[in-house]
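Heads up, the sequence shown is in this note's numbering, so the first residue is 14 and it goes up one at a time.
Don't be surprised by glycine CBs; every beta carbon is placed ideally from N, CA and C.
This structure is a prediction, so every number in the text was calculated from the model and none was measured.
So the structure is just underneath, and the comments pick up after that.
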Amino acid sequence: MSNEYQNIHEFDFNLICEYFSLIERQGPGSPEMTLKALSFIDNLNEKSRIADLGCGTGGQTMTLAQNTSGSILGLDLFKGFIDRFNRNATDLNLQHRVKGIVGSMDELPFQPGELDLIWCEGAIYNIGFERGVNEWHKYLKDGGYITVSEASWFTDERPAEINDFWNEAYPEIDTIPVKIAQLQKAGYIPEAVFCLPEYCWTKIFFEPQVEAKKVFMEKYPDNQMAKELMANLSHEEEMYHMYKKYYGYVFYIGRKI
Ligand SMILES: C[S@@+](CC[C@H](N)C(=O)[O-])C[C@H]1O[C@@H](n2cnc3c(N)ncnc32)[C@H](O)[C@@H]1O
Numbered sequence: 014m015s016n017e018y019q020n021i022h023e024f025d026f027n028l029i030c031e032y033f034s035l036i037e038r039q040g041p042g043s044p045e046m047t048l049k050a051l052s053f054i055d056n057l058n059e060k061s062r063i064a065d066l067g068c069g070t071g072g073q074t075m076t077l078a079q080n081t082s083g084s085i086l087g088l089d090l091f092k093g094f095i096d097r098f099n100r101n102a103t104d105l106n107l108q109h110r111v112k113g114i115v116g117s118m119d120e121l122p123f124q125p126g127e128l129d130l131i132w133c134e135g136a137i138y139n140i141g142f143e144r145g146v147n148e149w150h151k152y153l154k155d156g157g158y159i160t161v162s163e164a165s166w167f168t169d170e171r172p173a174e175i176n177d178f179w180n181e182a183y184p185e186i187d188t189i190p191v192k193i194a195q196l197q198k199a200g201y202i203p204e205a206v207f208c209l210p211e212y213c214w215t216k217i218f219f220e221p222q223v224e225a226k227k228v229f230m231e232k233y234p235d236n237q238m239a240k241e242l243m244a245n246l247s248h249e250e251e252m253y254h255m256y257k258k259y260y261g262y263v264f265y266i267g268r269k270i
């Protein structure tokens, strides 16, 4: 689900949600990279209010919760993910300060200036990076932080096949300097930027899908949408292996001015 929503919007969302509920993370990332991003945030305490937008089943949220002391609200469009998110929080005894709710990142249930930190791993593409960083700015306190990971080009030029693939999936993909400029223009000091290492895709995102695909296809052997979803995911993985030197996920950390 790194960007499958754009690719496969014609697929049954419940089916996609069911598939991605089989794996711990719904996009590239890792606990180490979540902690690395968190290391740039210096204003948190037990009163802090944190929002994790497009939280999925909460892989990164639980890491955040175990390494911060404030309250965290996870928000995701899909109820299946949120149900699992809340079960995960309870299993880790974090339910008193970590809560998942169903909602959309384009209509946030917050008051202006309410949040100390907005977190969003691999999900801002749903409304677009530029729109997201601009619209979410008002919900942060002055000095509050935004931390997002976003698919980005590593080079100014790239082969047509991967250029076309991404322009179809997410036309707003762009180079790191362009994203930094967008962050700055939206009213943040760009505090830190770093690229996710390859294992965040291969080991954390693709590898668990081998078993997930097997389980899923055993359940839906004759379902055409399920077959197309599997083919789409395999194509995404092939593209990554072929063209990973040209793109990847990048963490952008900004502080509201
Ligand atoms: C690639 S997944 C990333 C999930 C999680 N942050 C992670 O890194 O594992 C993108 C997430 O965005 C959610 N999503 C899609 N559209 C959304 C919207 N409008 N508002 C909130 N969440 C949305 C999806 O349900 C999915 O959980």
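May I have the straight-line CA-CA distance separating residue i from residue j, to the nearest angstrom?
{"i": "residue 31", "j": "residue 46", "result": "26 Å"}
{"i": "residue 22", "j": "residue 165", "result": "For residue 22, the predicted model reports a pLDDT of 48, less than 50, meaning its position is unreliable and no value from the coordinates is stated."}
{"i": "residue 58", "j": "residue 157", "result": "12 Å"}
{"i": "residue 91", "j": "residue 41", "result": "19 Å"}
{"i": "residue 111", "j": "residue 102", "result": "6 Å"}
{"i": "residue 270", "j": "residue 195", "result": "14 Å"}
{"i": "residue 109", "j": "residue 173", "result": "50 Å"}
{"i": "residue 140", "j": "residue 197", "result": "18 Å"}
{"i": "residue 229", "j": "residue 49", "result": "33 Å"}
{"i": "residue 236", "j": "residue 28", "result": "10 Å"}
{"i": "residue 67", "j": "residue 170", "result": "30 Å"}
{"i": "residue 71", "j": "residue 38", "result": "7 Å"}
{"i": "residue 155", "j": "residue 242", "result": "42 Å"}
{"i": "residue 187", "j": "residue 210", "result": "18 Å"}
{"i": "residue 120", "j": "residue 152", "result": "12 Å"}
{"i": "residue 234", "j": "residue 217", "result": "26 Å"}
{"i": "residue 34", "j": "residue 182", "result": "22 Å"}
{"i": "residue 122", "j": "residue 89", "result": "12 Å"}
{"i": "residue 239", "j": "residue 77", "result": "33 Å"}
{"i": "residue 224", "j": "residue 215", "result": "14 Å"}
{"i": "residue 107", "j": "residue 137", "result": "25 Å"}
Measuring CB to CB, does residue i end up less than 7 Å from residue j?
{"i": "residue 99", "j": "residue 116", "result": "no"}
{"i": "residue 65", "j": "residue 149", "result": "no"}
{"i": "residue 189", "j": "residue 203", "result": "no"}
{"i": "residue 146", "j": "residue 208", "result": "no"}
{"i": "residue 11", "j": "residue 259", "result": "The structure shown does not extend to residue 11, since the chain is modelled only from 14 through 270, so no value can be given for it."}
{"i": "residue 201", "j": "residue 267", "result": "yes"}
{"i": "residue 178", "j": "residue 252", "result": "yes"}
{"i": "residue 83", "j": "residue 63", "result": "yes"}
{"i": "residue 205", "j": "residue 53", "result": "yes"}
{"i": "residue 85", "j": "residue 221", "result": "no"}
Where does residue i land, buried or exposed, given buried means 16+ other C-beta within 10 angstroms?
{"i": "residue 105", "result": "exposed"}
{"i": "residue 129", "result": "buried"}
{"i": "residue 79", "result": "exposed"}
{"i": "residue 161", "result": "buried"}
{"i": "residue 126", "result": "exposed"}
{"i": "residue 249", "result": "buried"}
{"i": "residue 219", "result": "buried"}
{"i": "residue 163", "result": "buried"}
{"i": "residue 73", "result": "buried"}
Under the three-state reduction of DSSP, which class applies to residue i: helix, strand or coil?
{"i": "residue 213", "result": "helix"}
{"i": "residue 47", "result": "helix"}
{"i": "residue 30", "result": "helix"}
{"i": "residue 65", "result": "strand"}
{"i": "residue 17", "result": "Residue confidence is low: residue 17 scores 47 on pLDDT, short of 50, so the model does not pin down where it sits. No coordinate-derived value is stated."}
{"i": "residue 82", "result": "coil"}
{"i": "residue 128", "result": "strand"}
{"i": "residue 269", "result": "strand"}
{"i": "residue 52", "result": "coil"}
{"i": "residue 250", "result": "helix"}
{"i": "residue 70", "result": "coil"}
{"i": "residue 159", "result": "strand"}
{"i": "residue 183", "result": "coil"}
{"i": "residue 221", "result": "helix"}
{"i": "residue 190", "result": "helix"}
Kindly indicate if chain B contains any beta-carbon less than 7 Å away from that of residue i.
{"i": "residue 77", "result": "Protein chains in the displayed structure number just one, and chain B is not present."}
With hydrogens ignored, establish whether the beta-carbon of residue i is closer than 6 Å to any heavy atom of ligand 3.
{"i": "residue 164", "result": "What this structure holds is ligand 1, not ligand 3."}
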